[in-house]
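What the sequence shown shows, in the numbering used here, is residues 1 to 368, in sequence order. Don't be surprised by glycine CBs; every beta carbon is placed ideally from N, CA and C. Nothing here was measured: the structure is a model prediction, and the numbers come from that model.
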Amino acid sequence: MPWMNCLRPHSLSDSIDRLNYLITALLLFGLCIVVSAKQYFGSPIECWTPLEFKSAWEQYVESYCFGTNAYTFPSEDEIDDGSERSARAASVYQWIPIILAIQAIMFYLPHFIWILINKLTVDLECVIADAGKMRKLPEDQRRSVSERIATYLYDAAFSNRSNDRSICKCIKGNWCAAALYFCTKISYVANLLLQILLITYIVGNGNFFWALKATNSPSFPQETLCDVSIRRSGGLSRYTMQCTLSINELNEIIYRFLWFWFLAVLSVSLVNLIYTTYHIFIPTARLSTCKRWLSTHQTSAEEGENLMIYRFASSGVQPDTTLAMRFIEAEAGAIVTKEIADALFQKFTDGMSLGNETPSTAVVHGNK
Numbered sequence: 001m002p003w004m005n006c007l008r009p010h011s012l013s014d015s016i017d018r019l020n021y022l023i024t025a026l027l028l029f030g031l032c033i034v035v036s037a038k039q040y041f042g043s044p045i046e047c048w049t050p051l052e053f054k055s056a057w058e059q060y061v062e063s064y065c066f067g068t069n070a071y072t073f074p075s076e077d078e079i080d081d082g083s084e085r086s087a088r089a090a091s092v093y094q095w096i097p098i099i100l101a102i103q104a105i106m107f108y109l110p111h112f113i114w115i116l117i118n119k120l121t122v123d124l125e126c127v128i129a130d131a132g133k134m135r136k137l138p139e140d141q142r143r144s145v146s147e148r149i150a151t152y153l154y155d156a157a158f159s160n161r162s163n164d165r166s167i168c169k170c171i172k173g174n175w176c177a178a179a180l181y182f183c184t185k186i187s188y189v190a191n192l193l194l195q196i197l198l199i200t201y202i203v204g205n206g207n208f209f210w211a212l213k214a215t216n217s218p219s220f221p222q223e224t225l226c227d228v229s230i231r232r233s234g235g236l237s238r239y240t241m242q243c244t245l246s247i248n249e250l251n252e253i254i255y256r257f258l259w260f261w262f263l264a265v266l267s268v269s270l271v272n273l274i275y276t277t278y279h280i281f282i283p284t285a286r287l288s289t290c291k292r293w294l295s296t297h298q299t300s301a302e303e304g305e306n307l308m309i310y311r312f313a314s315s316g317v318q319p320d321t322t323l324a325m326r327f328i329e330a331e332a333g334a335i336v337t338k339e340i341a342d343a344l345f346q347k348f349t350d351g352m353s354l355g356n357e358t359p360s361t362a363v364v365h366g367n368k
């Protein structure tokens, strides 16, 4: 089924991306189903009713109080008539399934946008798919595919095709896909910060460390009151029922867990953001990565070829190319990545010898 593709890890993501858009989103959807099942098929509320109430009346009271009219009151206060009852309404629990579903969508949204706009830059998805097939091909076909991928990456780097697309006109050089992927990483972090702050202010009543305390959250009261009017032959009889919202015990456990989970995911996402930024955008890191990708006989070459490798890392392997090669390595393995890197390096040296590509002297000498 096509929609099942949303539940599979995507090739244009790393493990931390999948922790955000896949694992955390599925976790939230799963919790949404659990809470919904408790609300509609379990016993989310239990109310104390007078002895004269029949079983059907008791069920009516509980359904009515759960859906419309439960409110909180400190046990030491007297119950007053008037508007204060509505001001103390305990209605957050009714929206928890919807809130959890929205939270799950927020975790998936950055990945969805990234995949949607990827084809407006370098078509990384097709490149990675072709690279993944190389592992099962015979040697002559592997060479042909690696050269085709290298040609595509080389053309994308030096023909400025990506800048012809409207979304990339403001980005100079071979940076468009990398910049958009960086924005995706930032979106994951921003989403986590936003969700932690919302939990703090809505569930924790503004206390950031609320989840560490043993006291119940004021947003999830477990003891509530409910006003019910029942029509009898002599007119309306009004009752104030005392109810226990057992659903709120589950809600509080869920959001205590999510508070810790979001903090953990935020920590690793921040580290991953710094790591990815360094290895994709910093020239010295790209040089180190290029030496690892290129075959041993090239990285141990004479000074002239080492200079060519340096120029290749400085000018030939720009952020978009680096991003593509990192995804290829994750999907197809180190051997395939080395073969494509060798083909790309050969393409670069051929272009240099023909005068088709002249790396910036300022860039080369500036990093020396």
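Express the C-alpha separation of T200 and Q103 in angstroms, rounding to a whole number.
-> A direct Cα-Cα distance of roughly 15 Å separates Q103 from T200.
Considering only residues of the region 221-258, which uninterrupted beta strand (DSSP E) runs meet the minimum length of 3 residues and lie entirely inside it, listed in chain order?
-> For the region 221-258, whole beta strand (DSSP E) runs of length 3 or above, ordered along the chain, are 223-232, 235-244.
Distance, E249 Cα to R231 Cα = In this structure, the CA atom of R231 is about 33 Å from the CA atom of E249.
If you count every other CB in all the chains shown that lies within 10 Å of the CB of C65, and 16 or more means buried, which is it?
-> So C65 ends up on the buried side.
What are the residues that DSSP puts in a beta bridge with W48?
-> W48 is bridged by DSSP to Q242.
On a CA-only basis, which of Y188, N118, A131 is nearest V271? Give me that one, please.
-> The candidate whose alpha carbon is nearest that of V271 is Y188.
Three-way DSSP call (helix, strand, coil) for A214 in this model = Reduced to three states, the DSSP call for A214 is coil.
Leaving out the 5 sequence neighbours to the left and right, which residues in its chain are closer than 8 Å to V433 when beta-carbon positions are compared?
-> Any answer about residue 433 is impossible in this case: the structure gives the chain only from 1 up to 368.
Where do the N-terminal and C-terminal ends of the alpha helix (DSSP H) with F41 fall, by residue?
-> Taken as a continuous stretch (DSSP letters only), the alpha helix (DSSP H) holding F41 covers 25-41.
Could you tell me which of I196, P283, L109 sits nearest to F262, measuring between CA atoms?
-> Closest option to F262, Cα to Cα, is I196.
Between S13 and P97, is the Cβ-Cβ spacing less than 8 Å?
-> Not a contact, by the Cβ cut-off of 8 Å.
Residue span of the alpha helix (DSSP H) that contains L294, given as start and end = Premise fails: L294 is in no alpha helix (DSSP H) and is neither H nor E.
Decide if I254 is buried, meaning its Cβ has at least 16 other Cβ atoms within 10 Å, or exposed.
-> With 16 or more Cβ atoms within 10 Å of its Cβ, I254 is classed as buried.
Assign I274 to buried or exposed, taking buried as 16 or more other Cβ atoms, counted over all protein chains shown, within 10 Å of its Cβ.
-> Here I274 is exposed. Its C-beta has fewer than 16 other C-beta atoms within 10 Å.
Assign K347 to buried or exposed, taking buried as 16 or more other Cβ atoms, counted over all protein chains shown, within 10 Å of its Cβ.
-> Counting the other CB atoms within 10 Å of its CB gives K347 a total of 16 or more, which places it among the buried residues.
Per DSSP, which residues does A156 bridge with? Please list them.
-> Bridge partners of A156: none, in fact.
Cut-off 7 Å between Cβ atoms - residues of its own chain near R8, not counting five sequence neighbours on either side | Scanning its chain for C-beta atoms nearer than 7 Å, with the 5 sequence neighbours on each side dropped, one finds no residue around R8.
Can you check whether the CB of I340 is closer than 8 Å to the CB of A131?
-> Yes, the Cβ-Cβ distance between A131 and I340 is below 8 Å.
Pairing CB atoms from the region 49-63 with CB atoms from the region 19-34, are three or more of them under 8 Å?
-> Result no; under three Cβ-Cβ pairs closer than 8 Å.
Can you tell me the Cβ-Cβ gap for N174 and Q318, rounded? I've got them flagged as a contact below 8 Å.
-> Going by Cβ atoms, the distance from N174 to Q318 rounds to 4 Å, so yes, they are a contact pair.
Do you know whose CA, among T68, C47, Y152, lies nearest D320's CA?
-> Closest by alpha carbon: Y152.
Nearest-angstrom Cα separation, counted from I309 out to K402 | Because residue 402 is not part of the residues shown, which for the chain are 1 to 368, the question remains open.
Would you call the region 216-226 and the region 234-248 in contact, with 3 or more CB pairs under 8 Å?
-> Yes, they touch.
Out of E252, R135, T244, L22, which has the shortest C-alpha to C-alpha gap to W210?
-> Nearest option by C-alpha distance: E252.
Would you check if there are 3 or more beta carbon pairs closer than 8 Å linking the region 105-124 to the region 178-192?
-> Contact between the region 105-124 and the region 178-192 is present, because at least three Cβ pairs lie under 8 Å.
Could you tell me the distance, in whole angstroms, from the CA atom of K338 to the CA atom of W293?
-> When rounded, the distance between both Cα atoms is 5 Å.
Considering V189, what are the terminal residues of the alpha helix (DSSP H) in which it resides?
-> V189 -> alpha helix (DSSP H) spans 176-198.
Around the C-beta of D350, are 16 or more other C-beta atoms found within 10 angstroms, so that it is buried, or is it exposed?
-> Taking all protein chains shown into account, D350 has fewer than 16 neighbouring C-beta atoms within 10 Å of its C-beta and is therefore exposed.
Along the chain, where does the alpha helix (DSSP H) that runs through I96 open and close?
-> From DSSP, the alpha helix (DSSP H) with I96 extends over 96-118.
S83 versus Y71 - alpha carbon distance | Reliability fails at S83, whose pLDDT of 47 lies under 50, so the model's placement of it is uncertain and no value is given.
On a CA-only basis, which of S233, S144, I186 is nearest L266? Give me that one, please.
-> Of S233, S144, I186, the residue nearest in Cα terms is I186.
Does DSSP put R148 in a helix, in a strand, or in coil?
-> DSSP places R148 in helix when its eight states are reduced to three.
CB contact flag (L120, A324, <8 Å) = The Cβ atoms of L120 and A324 do not sit closer than 8 Å to each other.
Sequence-distant residues of its chain with Cβ nearer than 6 Å to S146 (five each side left out) | When the five nearest sequence neighbours on each side are left out, the beta carbons in the same chain lying within less than 6 Å of the beta carbon of S146 are those of E339, I340, A343, in order along the chain.
Beta-carbon contacts of H10 that lie in its chain and below 6 Å, excluding the five residues immediately before and after = If we look at H10 and ignore the five residues flanking it on each side, it has no Cβ neighbours.
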